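If you're matching positions, the sequence shown starts at 23 in the numbering used here and goes up one per residue. For every residue, glycine included, the Cβ atom is placed at its ideal position computed from N, Cα and C. The model shown is predicted, which means the values in this text are computed figures rather than measured ones.
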Amino acid sequence: MSGGEGEEPFPLDINPMYEGERVRKEQMFVELGGPKKPGFELVICEEEPENVSDGKVTLIGPDLSEMQEGESYAYAMIYKVYGKEVEKDLEAVLERRNHEFQSYIQGYMHLNQRADIWVRISKDAIRKGLKSLKQIAKATVMLYKSELPFIEKMEAIYITDEDEVLRRIKEAEAVYKARDEKARGLHDEDVDEFYQCTLCQSFAPTNVCVITPDRVALCGAMTWFDARASARIDPEGPNAPIPKGECIDPIGGEYTGVNEAAVRLSGGAYNSIKLHSFFEKPHTSCGCFEVAGFYIPEVDGIGWIHRGSKVTETPIGLPFSTIAASVGGGRQVEGFLGIGIQYFYSEKFIQADGGWRRVVWMPSDLKEKIIDAIPEEMRDKIATEKEARNIEELKEFLRKVNHPVVKGVIRPVDGVKITEGWGEVAEEAAVEAAAEEVAAKEVAEEAVKGAVATEKRAEEAAVSSATAEGAAERAEAVGGEARAAEALAKPAVPVTAAVPASVSAGTLMIPITVDISALLPVLEALVRRVAESEGSAVGGGGLKITFKDAEIRVGKVILKKSGREKKESG
Ligand code: SF4
23 MSGGEGEEPF PLDINPMYEG ERVRKEQMFV ELGGPKKPGF ELVICEEEPE NVSDGKVTLI
83 GPDLSEMQEG ESYAYAMIYK VYGKEVEKDL EAVLERRNHE FQSYIQGYMH LNQRADIWVR
143 ISKDAIRKGL KSLKQIAKAT VMLYKSELPF IEKMEAIYIT DEDEVLRRIK EAEAVYKARD
203 EKARGLHDED VDEFYQCTLC QSFAPTNVCV ITPDRVALCG AMTWFDARAS ARIDPEGPNA
263 PIPKGECIDP IGGEYTGVNE AAVRLSGGAY NSIKLHSFFE KPHTSCGCFE VAGFYIPEVD
323 GIGWIHRGSK VTETPIGLPF STIAASVGGG RQVEGFLGIG IQYFYSEKFI QADGGWRRVV
383 WMPSDLKEKI IDAIPEEMRD KIATEKEARN IEELKEFLRK VNHPVVKGVI RPVDGVKITE
443 GWGEVAEEAA VEAAAEEVAA KEVAEEAVKG AVATEKRAEE AAVSSATAEG AAERAEAVGG
503 EARAAEALAK PAVPVTAAVP ASVSAGTLMI PITVDISALL PVLEALVRRV AESEGSAVGG
563 GGLKITFKDA EIRVGKVILK KSGREKKESG
């Protein structure tokens with residue numbers, strides 16, 4: 023690309039193959055926005071052509087040559103756009119394309135959207151001759167105008183002065199809010215078409231983004247109105263209508279049209295999606311979600327954490343980044359879900375799984391931000407890091423506030439009780455554990471009695487026949503091994519698992535706790551038996567048993583849709 027008459031050519035490659043390129047910390051010249059500094063991107067569609075100076079680029083604040091290597095700076099990218107066909111509804115989708123176009127630039131990493139943007143410029147880009155952010159702005163405007171010919175005039179204002187970014191970010195947030203509120207009056211039942219978005223398939227090929235009036239894009243950058251405007255003006259672009267088809271499940275939000283789109287867009291990886299379900303056929307998640315949800319089996323509830331939260335740990339001991347890694351990649355993961363923040367305001371927010379009545383935890387900065395989305399009766403029942411930093415504290419808090427998960431969640435949309443409540447579950451588990459402990463002891467005692475009886479029989483056989491000695495030894499060995507094998511094959515080991523009240527076909531992720539102390543009586547019996555057969559004495563006190571080269575096998579249980587069929591792999 024030429025930089026214009028008298029200007030140096032743009033020094034970096036521009037090619038879609040750079041989409042998804044990461045600039046790691048050690049390769050980074052500077053970081054703009056991101057976790058340390060404020061940042062945002064905003065597109066303003068102007069109605070009058072004279073309000074846009076085509077091709078003009080303004081930079082407010084220090085340029086690359088004035089920045090220190092390895093440092094972070096505030097960053098805002100504002101674009102003013104004019105075109106006879108360009109309507110206000112296009113602002114959000116044009117804004118989202120900034121991510122796509124800037125990702126084409128070699129050595130320039132653009133992540134996230136709106137006021138969460140995170141940019142890194144590599145040292146290599148500087149070595150290749152990148153001198154100014156104005157060069158980036160010009161390249162971006164060139165990409166917009168060549169890819170979207172309906173843009174007749176475009177101007178860029180980039181800001182790195184932190185005070186100015188902070189001042190203007192408030193204006194940007196007001197614009198985002200107005201766009202989001204506009205979409206809230208419309209519902210899935212009111213329209214005939216939803217919209218797909220394939221922008222993120224470059225790095226998450228099986229991702230199926232479905233944007234509906236009740237489900238904003240998971241990146242938060244697009245409402246149903248925005249996607250519709252985009253599909254109209256750019257029919258070959260990433261947004262296209264999805265005819266709803268027949269509604270199969272009004273509570274989960276399953277439509278035949280969406281299922282057909284799921285097969286087509288995921289290349290056959292998925293054949294159905296429930297738009298408002300957390301556990302069953304949930305929406306896929308690429309990597310751009312604003313908020314990640316995670317199931318907490320110990321309390322049978324759901325926690326949420328957002329990108330950029332000041333809270334680093336969740337009660338399950340994992341930070342956002344680790345949870346995000348479990349959710350992302352364009353996969354459908356039962357028990358995890360990526361959403362846009364505005365989905366919290368949806369009347370259908372995970373309604374199949376109890377909606378807000380199933381939510382047990384979120385960081386305080388997220389809770390404050392969306393407090394008006396939470397039904398009043400639930401506001402004091404949802405814990406934050408201030409009340410619960412681990413599972414035990416969470417349980418205690420939920421019990422204290424009498425959270426619906428404690429006694430069982432009644433789904434608001436149809437009044438059906440969808441979870442049992444963990445009071446009963448815990449009691450049952452305790453009773454089962456006690457019974458299993460007793461059974462384990464009985465098995466161990468039986469093993470000892472059996473060993474002694476075999477020994478006696480072998481001794482009698484040895485007396486009655488000179489040739490019986492070898493047979494007795496074999497009998498003893500075989501009998502002992504058989505009993506040991508039997509005892510070990512059926513160890514009545516207390517096992518506790520937080521099994522969700524409702525499960526569906528698929529791969530389950532359920533933490534299982536196995537108390538191997540119940541195996542000790544069995545092992546002790548074996549040790550004593552071996553020692554005695556070798557003629558060595560075993561002290562009457564407790565034995566020290568060391569596991570050497572012990573094998574712990576972890577497998578998974580896959581429930582197939584055909585129902586009772588169960589496959590175990592170890
Ligand atoms: S997250 Fe979904 S809606 Fe947002 S840009 Fe990516 S594909 Fe489009």
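- Its chain contains Glu-276 as the residues whose beta carbon lies nearer than 6 Å to that of Ile-270, once the 5 sequence neighbours on both sides are disregarded; these appear in chain order.
- Minimum Cα-Cα distance from Ile-372 among the listed residues Gly-437, Pro-304, Ser-75 corresponds to Pro-304.
- Unbroken beta strand (DSSP E) runs of no fewer than 3 residues, entirely contained in the region 138-204, are found at 140-144, 175-181, following chain order.
- Note: Trp-383 is bridge-paired with Gly-325, Ala-405 in the DSSP secondary-structure output.
- Restricting attention to Gly-437, Gly-242, Arg-254, Ala-374, the CA atom closest to the CA of Ile-361 is found in Gly-242.
- Here the region 80-91 does not lie against the region 120-133, with fewer than 3 beta-carbon pairs under 8 Å apart.
- Judged by DSSP secondary structure, Lys-422 falls within the alpha helix (DSSP H) whose first and last residues are 413-422.
- Checking the 8 Å criterion, the Cβ of Arg-118 is within range of a heavy atom belonging to the ligand SF4.
- An exposed status is given to Phe-172, since fewer than 16 other beta-carbon atoms sit within 10 Å of its beta-carbon.
- Each residue's CA atom was taken as its position, placing Ile-143 and Leu-34 some 12 Å apart.
- In the three-state reduction of the DSSP assignment, Val-52 falls in the strand class, which pools E and B.
- With a cutoff of 9 Å on beta-carbon distance, Ala-137 and Gly-61 are scored as near each other.
- With a threshold of 8 Å, the Cβ atom of Ile-233 counts as near the ligand SF4, since some heavy atom of the ligand is closer than that.
- Under DSSP, Met-99 shares a beta bridge with Glu-63, Tyr-180.
- Here His-305 is not bridged, per DSSP, to any residue.
- By the criterion of a C-beta distance shorter than 7 Å, Tyr-365 is surrounded in its chain by Arg-237, Val-238, Phe-371, once the five residues flanking it on both sides are discounted.
- Secondary structure of Val-232 (DSSP, three-state): strand.
- Sorting Lys-332, Gly-330, Trp-326 by C-alpha distance to the C-alpha of Ile-338 places Trp-326 at the top.
- In the same chain as Ser-331, and ignoring 5 residues on each side of it, the C-beta atoms closer than 7 Å to its own belong to Phe-342, Pro-385, Asp-387, Leu-388, in chain order.
- Secondary-structure assignment with DSSP links Cys-269 through a beta bridge to Tyr-277.
- Judged by the Cβ position, Gln-223 qualifies as a neighbour of the ligand SF4 at the 8 Å threshold, a heavy atom of the ligand being closer than this.
- In this structure, Arg-44 and Met-131 form a Cβ contact; the two beta carbons are roughly 6 Å apart against a cut-off of 8 Å.
- Distance from Asp-248 to Ala-114 at the Cβ level is roughly 4 Å; contact confirmed, criterion being Cβ atoms closer than 8 Å.
- In this structure Thr-80 is exposed. Its beta-carbon is surrounded by fewer than 16 other beta-carbon atoms within 10 angstroms.
- Taking C-beta atoms as the reference points, Gly-274 and Ser-307 fail to come closer than 9 Å.
- Straight-line measurement puts the Cα of Glu-29 at about 53 Å from the Cα of Glu-356.
- Here the alpha carbon of Glu-169 sits roughly 33 Å from the alpha carbon of Ser-368.
- No Cβ-Cβ contact shorter than 9 Å links Thr-245 with Leu-287.
- With contacts defined by Cβ atoms closer than 9 Å, Leu-86 and Phe-51 form a contacting pair.
- DSSP places Ile-82 inside the beta strand (DSSP E), whose first and last residues are 79-82.
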